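All remarks here apply to the structure that follows.
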Amino acid sequence: MLQKGERIFFCTNIDIKQSIGYNEVRFGFADRLVESLGLSLDFYVGVGLRAIKSILNREILDSYHQSKVLVLLIAEHQGRSIEDNWAMPRIEEAVSSGKECLIYVTAETPQEKIQNLNLPVEFTVVNDKDHFEDSLKKDLSRLMNKS
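Numbering (our numbering), first residue to last: 29 to 175.
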């Protein structure tokens with residue numbers, strides 16, 4: 029399903045500098061992992077629903093439409109709602125169009141709140157940066173090997 033050169037769209041509304049370590053995610057394992065698989069990464073951090081009405085929306089939307097995989101990191105962090113994520117309203121569309129959706133939830137996010145989202149795909153609870161890295165690597169590798 030996923031081939032070398034294809035795009036991964038990664039979106040989170042949280043400030044991952046605080047929760048997981050932005051530099052470690054963006055310039056560390058995410059880039060290394062995607063590069064090692066021969067993929068391209070479009071990385072959007074701190075992008076909530078307000079971005080839909082911003083001048084950045086066209087760029088984000090174009091990037092989203094060009095991607096084969098939607099990676100979404102959900103966390104309740106620093107007063108930001110888990111629903112306040114640019115990609116949240118697009119999950120159903122992504123699934124129905126055949127786009128792969130990989131959803132990760134930080135362990136400190138209350139599970140009842142995640143269940144209330146009624147996500148159309150299963151999600152993975154991640155405990156820390158290393159667990160997130162391992163889970164993302166496993167999932168992307170599985171998609172690369174899918175016939």
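Note that beta-carbon positions come from the ideal geometry of N, C-alpha and C, so glycine has one too. A quick note: this is a predicted structure, and the numbers were derived from the prediction, not measured.
DSSP three-state assignment for K96, whether helix, strand or coil: Translated into the one-based positions of the sequence shown, residue 96 becomes position 68. K96 falls in the strand class under three-state DSSP.
Proximity below 8 Å, CB of V75 to CB of F37: In the sequence shown, the residue the question calls residue 75 occupies position 47. In the sequence shown, the residue the question calls residue 37 occupies position 9. The Cβ atoms of V75 and F37 lie no closer than 8 Å to each other.
Buried/exposed call for R118, threshold 16 Cβ in 10 Å: If you number the sequence shown from 1, residue 118 lands on position 90. Buried: at least 16 other Cβ atoms inside 10 Å.
DSSP state of S82 mapped onto helix, strand, coil: Locating residue 82 in the sequence shown gives position 54, counting from the first residue. Correct three-state label for S82: coil.
Distance between I80 and R60 (C-alpha atoms, nearest Å): Sequence index remark: in the sequence shown, residue 60 carries index 32 (1-based). Sequence index remark: in the sequence shown, residue 80 carries index 52 (1-based). Cα atoms of R60 and I80: separation of roughly 29 Å, rounded to the nearest angstrom.
Proximity to L145 [Cα-Cα], best of V133, N155, D156, L164: Translated into positions along the sequence shown, residue 145 becomes position 117. Nearest option by C-alpha distance: V133.
CA-to-CA distance, D158 to Y50, given in whole angstroms: By one-based count along the sequence shown, residue 50 stands at place 22. By one-based count along the sequence shown, residue 158 stands at place 130. Per-residue confidence for Y50 stands at a pLDDT of 44, beneath the threshold of 50, marking its modelled position as unreliable; the derived number appears in the next sentence. Rounded to whole angstroms, Y50 to D158 spans 13 Å at the Cα level.
Cβ neighbours of I142 in the same chain (closer than 6 Å, five flanking residues each side left out): Counting from one through the sequence shown, the residue named residue 142 turns up at place 114. So the qualifying residues of the chain are V133.
Where V153 sits in the DSSP three-state scheme: By one-based count along the sequence shown, residue 153 stands at place 125. Under the three-state reduction of DSSP, V153 is assigned to strand.
N-terminal and C-terminal residue of the alpha helix (DSSP H) that S125 is part of: Numbered from its first residue, the sequence shown carries residue 125 at position 97. Per DSSP, S125 belongs to the alpha helix (DSSP H) from 119-125.
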